[in-house]
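Top line first, the protein sequences correspond to chains A and B. Everything in the first sequence is counted per the working numbering, starting at 3 for the first residue and increasing by one. Everything in the second sequence is counted per the working numbering, starting at 135 for the first residue and increasing by one. Note that the Cβ used here is the ideal one computed from N, Cα and C, for glycine as well. Reviewing the structure listed below.
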Amino acid sequence: MILIIALAASIAVALLRGGRFAGLASLQVRCGLLAVLAFAVQTLFIYQKPVQKVTGVWGWQEAALMGSYLLLLATTWANRHLHGMALITLGLILNLVVMAANGGWMPIAPEAVRRAGFARLAPSLTPGMRVFSSKDIILLRVQTRLWFLSDIFVLSKPFPVASVFCVGDVVSALGAFALLQKGMLGHPGRPHAESSQE
Amino acid sequence: MRKVQVTLHRLANPNTVRLIWLLLVLAAMLLGIGAPLAFGGGSGGQG
């Protein structure tokens, strides 16, 4: 959710800076269907009833989730010509690495779940429990490999939308920000692509 | 009626379609990369 807010904020900043949507429309997106397919695959797991997992044991769900990240990686590679895509890819790889190192799910500490007010999204906060509407699995800090790359940042009240995110999310958000600014503001000294409503 | 026609024409415009597609792909990419936690709003979205 925090990434969608970042996306909306990036568009708002670009509009305030005089950017135009017509500039974005001129960007060539390749293999976009792969990204949509990857997220569709993930939603199957994101919205399933949270269950206790045996940490470190890979099943077909973990393999499919990792596969969806490979689809995303293929999409970012196909779109590497776009400004900011390198950062988006870096964020993706950071998340992929920490998830692969922790049994295929994004680790989150019980304290982070509690602080964000998401405790009701998991039947219990015991290690190995999945968290509803996320790709997260509850793990203690001492159990988490590459802890610094896991979901460690918490936004809670008074921030209007509570959220938990990680370094990879921040890097990807910065990439999306760069892409939207460049796309909407166009190249310096070059006119924006005009829409056909001229 | 005219306004609706103009809006529909704009939506069918290839540039608009490309823009919507780009935003959709970017959103799918970001949600796919990151944690969509908080779709339930932290308000017990287990249903």
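Straight through space, the alpha carbons of glutamine 139 of chain B and asparagine 97 of chain A are spaced by roughly 45 angstroms.
Taking the C-beta atoms as reference points, isoleucine 4 of chain A is found no nearer than 7 angstroms to phenylalanine 161 of chain A. Under the Cβ criterion of 7 angstroms, serine 174 of chain A is counted among the residues facing chain B.
Using a Cβ-Cβ cut-off of 7 angstroms, alanine 146 of chain B does not count as an interface residue toward chain A, since no Cβ of chain A sits closer than that to its own.
Glycine 93 of chain A is a Cβ neighbour of isoleucine 167 of chain B, given a cutoff of 7 angstroms. Against chain A, the CB of arginine 136 of chain B has no partner CB under 7 angstroms away; the residue lies outside that interface. Around the beta-carbon of lysine 137 of chain B, fewer than 16 other beta-carbon atoms lie within 10 Å, marking it exposed. Distance check between leucine 36 of chain A and each of A:Thr78, A:Val59 and A:Val15 places A:Thr78 closest, using alpha-carbon atoms only. Chain B has no Cβ within less than 7 angstroms of the Cβ of valine 56 of chain A. Going by beta carbons, glycine 177 of chain A and isoleucine 95 of chain A fall outside the 7 angstroms limit. In this structure, the beta-carbon distance from proline 125 of chain A to isoleucine 140 of chain A does not fall below 7 angstroms. As for any beta strand (DSSP E) of minimum length 3 sitting wholly inside the segment 46-118 of chain A, the runs are 108-110, ordered along the chain. Cβ proximity to chain B below 7 angstroms picks out Phe23, Ala24, Leu26, Ala27, Leu29, Val31, Gly34, Ala37, Val38, Ala40, Phe41, Gln44 and Ile48 from the segment 20-54 of chain A. For aspartate 138 of chain A, no alpha helix (DSSP H) run applies; the uninterrupted beta strand (DSSP E) run containing it begins and ends at 138-140, by DSSP.
For phenylalanine 155 of chain A, the enclosing beta strand (DSSP E) begins and ends at 155-157.
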